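One structure is given below, encoded as C-alpha cells.
Chains as they are written, first to last, in this note's numbering: chain A, 1 to 896; chain B, 1 to 115.
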C-alpha cells in the first residue's frame, strides 16, 4: 500500500467511520453466528452456545472498541466527552483558569499583533506582477564610495538600449507638487514622474481611464496626469467622471487621463529613501499625482543624476548576471564619457531587498522577541499545570486502575491544555486587536505598506495554529507527568505524584531557570537598544533643534520664473524671501528667522566641484552637499562658526560670489591649508570661501556629516524651508509660522510645519519603535519569569512544610529556615541569569546592525541586566521564605 | 497502563500465524481461528477478542486486505488475503521465528559446557 493509499484509508476511516463501524459489527456478528452454530453442533442449547461464543469473543462492544483503537479513530469518538470534561474541570478552578488564560492571552496576543505586522509588511504578496524579477539599477560612484545613486537620463537610455539581461525597464522620479483645488487652499501632494513603461512593467492597470502613451511621454509633451486612488477619493469625491477634467498642479492646468488603485506606488518611497543623497520625497502617504517623465538630454544632461531605474530580469537571468552585463555597459560609458562618467559603475539590487531591507531586521528581531514572550508564557502555564498535576495524581490513579489506557489519559490531559490554549488564543486575539492599534500608532511611516496591516484571515489562522501548538506543547508536561503516577501508592495516599519527587522538583526548577534565562536574554537585548537610543539622543548633530520651528513650501516656477540667463538675480524669489523673513520676525516671541533649501535632517542634493588650480586632483573627489541658506541660518539653527566670517546680507547677486564650507569639507579638501580665502568652482561660477562652520549631521543623527558648502540665498536663489527660533513653546508657533508663509504668498501649500525637535524625533522612528516594543516585551517576559520563580519556590516550600517543621522542632531558627528557602531561590536565580547572559552573548550579535555606539557585548548592560535579574528574583523568593519562617513548627508537622 | 499481558506477549506470534494461515487461501476471521486450532491440533487457542484488532493492525500496515464475499453457505463474510508486501513480511517473520525457536531449543537441550 502506498503512503497515499494508507493516508486515504485513514481519512476514510474518520470520515466514514459509521459505515466502517457497521461493517466491523457485521463481521463480528458473523463470527458469533458461526461460533454459536459450532457449539450447538456439539450439543449445547442455543442460549448456552450464544453465551459461550460471546464470552470467547470478549463482547462485541469491547472488541469493536479495540478495533477502532487500532484504526486510530477512537480519539475522535472520545473528543466531545473529553472536551466537556475539560470544560468542567477548568470551570471548577476559576483562579487557575483565569491566570492561565491571561498568561497565554498575553503571549499569544503579543504574537498575533507582531505577526500581523510582519504578515502585512513582509509576507503578503507584492502588488506588482513578477515582483521577484524586479530589480533596482543604481549607479555607483567610486570617488565618493556611494553605491545607491539614481541614474542620469542619457545613462538610463544607454542601459536600456544595450542591456540584454533586462526585458523591461522604467525610470521614475518623485517630487512634491502643489495641488490647487478650485475651492480651498493649495495642498502639497506626493507626485511621481514615470516613463510610460512604468505601469506596464509593474503590471498596474488603471481603475478609470488610461495610462501614459508615447505621445504623452516625450519632451515638451502635453500636460496630463493620472490620479492615485487616495487623492481621487479624498480630493475629488471618487468622481467617476474625473477623466477628461483638468486639475491645477504647480499653478498649471493638467488634464486627468486616468486613475490608478492603491499600491501602484508600492516601494517607491523606500527607493527614494535608500538613495545615497536623497531624503524621502515625501514619506507622507500615497502618491497622489502621476505625470509622464518627458525627459530629454537637453534638460537632464549626463552629469545630473535624478532618475531611479527599475528593471525586470529576463527569464532565467540572475541578479549577478544582470550586474555583470550592466557593469560592462557602465565601463563602456566611462570610456565614452570620461567627464561625466569617470568612476561610475552600477549596482543591481532586488527591488524587494531595496523596499524591505531597512525594516526586515527590525521585524525579525521583534518576531523573535515575541516568540520568547510566548515561550515564557507557556513555561509559566506548564508550571501551573504541574502544580495542579499533584492534586490530579489521585484522579489519574483512579482512572488508571479502572482501566483507562495511557492513550486515553494522555488525550484527556492534552484536550484540557489545548482547550486552555484556544481560550487563551481567543482572549489573546482581543488583546492583539488593542495591541495592534498601539503598535501602529507607534510605527514609523517609513515601514513599507504599514498602513495595510490588520488582523485578517491568515493572521487568525496562524493564531489558531499557534494556540493549538502551544496547547499541545505545554500539555505534554502534565501528560508525561501522568504517565509516572504510581497508581497504587497514590490511591493509598502514600505518594502525591511526580512533582514532589526529586526528579519532579528538578524539572520544575529547570522550567524556572529556562524562563529566567530567556527573559534575561530579552532584557539584555532591550538594554542594548535602550543604550543605543540614549547614545543617539546624546549625539551633537551640529545644530540646536530645541526652540526651532520650521515650515516647508515650494515656489512654483510660474510665479517665480527660473530664468537662468539672469541667475542668480531672480527678483521674485529674493522679494519673497524678504517678505517671508519680515513676516516671521514680526511674530511676537520669534528671536530669529532664516530660510534654506533643506532642513537639517534632509540630505538635500550634491554636486561635483573643483578648486581652481587643482582640477586634476578634483577629478577623484566625491561630490559636495550644497546647502543654500540666508545668512541668519547659522545663528537661528545654532551652527557654530569655526573660522573666517559667516555669510552676510551684503552677499547678494551684485556682490562677489562667496561660500562657506563645513569642517568636514575643510578636512577633506583643504588638509593642512587654511580654506578661508581659497576658491571653489561649480555651476559655472567661482566663489571665494569666506568662512568655515561646524558640521551639521544632514545624513541623520547616526551618520557623520558629509562635506558641505553653504551658499547665500542672495547668490543662489532656492527657498523651500523657513525656520524660526522662538522663546516659549515651539508648538505654539507652528500656526503663526504657517500663516506667515501664506502672508508672503497665499497660493503656496505649506507642509511639514512642526518644531524641529519633532522632525528629529521622526527621523529615529524605527529605532524608537524597536526600543519601545522590545522593552515592553522584555518587561512582560521578566515579570512572567518572576511570577514563575515565586510560584515554584512557594510551591516547593509548601511541599517541604513537614521537613521545615522538623528542622524547626530540632532547633532551627526562623532566620535559618528563611535562609534555606532563599538559598534555593538564589541558586535558581543565579543559574537562570547566568544562562541568560550567556545566551545573550550568542544572540545579541544579531542586533549589531541596530546598535549605535554600543557593542553587542557592552559590559555595563550585561552587568545591569544580571544584577537586576538576581535582585528581583530574590525579592520574588523573599515572600515564600518569610512565610516559611513564620509557620509554627506544630502546624508544619500537622500539615500532612 | 498494562491491559492484558498475555495478548501483548502473543501479539507477534498471532500476527505470524494469521499471515501464514491466509497465505494458503483467503479466509474470514472465524475461519482463521478454526484453521489455527485445527492445524495446531488444538494446542494453540486463538484469543478471539484480540484477533480482530490484530487483523485491523495488519490491514493498516498494508500486509493484508479484505473484501466482502459469500461463504459456501451463502452468507456475507469479510475475507482477508495477503498483499505482496504481506507475503514478504511472512517470509521475514518465519525466518526470525525459526532462528529464535532453534536458539531456544539449543538452550533447553544444553547440558553444560561449551558446544
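A virtual CB, placed ideally from N, CA and C, is assigned to each residue, including glycine. Please read these numbers as outputs of a predicted model, since none were measured by experiment.
Item	Value
In the DSSP assignment, the alpha helix (DSSP H) including residue 429 (chain A) goes from what residue to what residue?	406-442
Buried or exposed for residue 91 (chain B), going by 16 or more other Cβ atoms inside 10 Å?	exposed
Identify whether residue 712 (chain A) lies in helix, strand or coil by the three-state DSSP scheme.	strand
Is the distance from the Cβ of residue 757 (chain A) to the Cβ of residue 601 (chain A) below 8 Å?	no
If I follow the unbroken beta strand (DSSP E) through residue 197 (chain A), where does it start and stop?	Looking at the DSSP string, residue 197 (chain A) is not in any beta strand (DSSP E), and its letter there is neither H nor E.
Quick one: list the residues of chain B neighbouring residue 58 (chain A), beta-carbon separation under 9 Å, in chain order.	47, 48, 49 and 50
Where DSSP assigns a beta bridge to residue 61 (chain B), which residues make up the other side?	In the DSSP output, where bridge partners are listed per residue, residue 61 (chain B) has none listed.
May I have a chain-ordered list of the alpha helix (DSSP H) segments no shorter than 4 residues that lie completely inside the segment 553-630 of chain A?	571-585 and 615-618
What residues match up with residue 188 (chain A) in a beta bridge as DSSP calls it?	A:178
Ignore the nearest five residues each way along the sequence and tell me which others in residue 263 (chain A)'s own chain have a CB closer than 6 Å to its CB.	127
According to the Cβ coordinates, are residue 542 (chain A) and residue 721 (chain A) closer than 8 Å?	no
Are residue 530 (chain A) and residue 366 (chain A) closer than 8 Å when you measure CB to CB?	no
Can you tell me whether residue 82 (chain A) is buried or exposed? The criterion is at least 16 other CB atoms within 10 Å of its CB, across all chains shown.	buried
How far does the beta strand (DSSP E) with residue 766 (chain A) in it extend, from its first residue to its last?	Not the beta strand (DSSP E): residue 766 (chain A) falls in the alpha helix (DSSP H), residues 765-799.
For residue 897 (chain A), which residues from the same chain have a beta carbon less than 7 Å from its beta carbon, with the 5 sequence-adjacent residues on both sides left out?	In the structure displayed, chain A extends from 1 to 896; residue 897 (chain A) sits before or after that span and is not available.
Report the residue ranges of all beta strand (DSSP E) runs contained in full by the segment 296-370 of chain A; include only those spanning at least 3 residues, in chain order.	308-313 and 344-350
Restricting to runs no shorter than 3 residues, where is the beta strand (DSSP E) found entirely within the segment 672-700 of chain A?	679-682 and 685-693
Applying the criterion that 16 or more other CB atoms from any shown protein chain within 10 Å of the CB defines a buried residue, is residue 139 (chain A) buried or exposed?	buried
Any beta carbon from chain B within less than 8 Å of residue 31 (chain A)'s own beta carbon?	yes
Write down every uninterrupted run of the alpha helix (DSSP H) in the segment 24-59 of chain A whose length is 4 residues or greater and which is fully enclosed by it, in chain order.	46-57
Between the segment 318-335 of chain A and the segment 169-184 of chain A, are three or more C-beta pairs nearer than 8 Å?	no
Identify the contact partners of residue 69 (chain A) in chain B, using a Cβ-Cβ distance below 9 Å as the criterion.	53 and 56
Does the CB of residue 77 (chain B) have a neighbour CB from chain A at under 8 Å?	yes
Are at least three pairs of beta-carbons, each pair with one atom in the segment 647-655 of chain A and one in the segment 608-616 of chain A, less than 8 Å apart?	no
Tell me, to the nearest whole angstrom, how far the beta carbon of residue 124 (chain B) is from that of residue 35 (chain B); I am working on the premise that it is less than 8 Å.	Shown here, chain B extends from 1 to 115; a query on residue 124 (chain B) therefore has no answer.
Which residues of the segment 81-95 of chain B have a Cβ closer than 8 Å to any Cβ of chain D? Give them in chain order.	Absent from the structure: chain D. Protein chains present are A and B.
So which residues of chain B does residue 63 (chain A) contact, with C-beta pairs closer than 7 Å?	49 and 52
Between residue 41 (chain B) and chain A, is any beta-carbon pair separated by less than 8 Å?	no
Which residues in chain A have a C-beta closer than 8 Å to the C-beta of residue 30 (chain B)? List them in chain order.	30, 31, 34 and 35
Starting from the Cα of residue 582 (chain A), find the closest Cα among A:745, A:717 and A:516 and give me that residue.	A:745
Any beta-carbon of chain B closer than 8 Å to the one on residue 27 (chain A)?	yes
Using only CA atoms, which one of A:454, A:394 and A:131 lies nearest to residue 112 (chain A)?	A:454
Counting only beta-carbon separations shorter than 8 Å, does residue 60 (chain B) have a partner in chain A?	yes
Taking a contact to mean a Cβ-Cβ separation below 8 Å, would you say residue 435 (chain A) touches residue 110 (chain A) in this structure?	yes
What first and last residue would you give for the alpha helix (DSSP H) that runs through residue 463 (chain A)?	457-483
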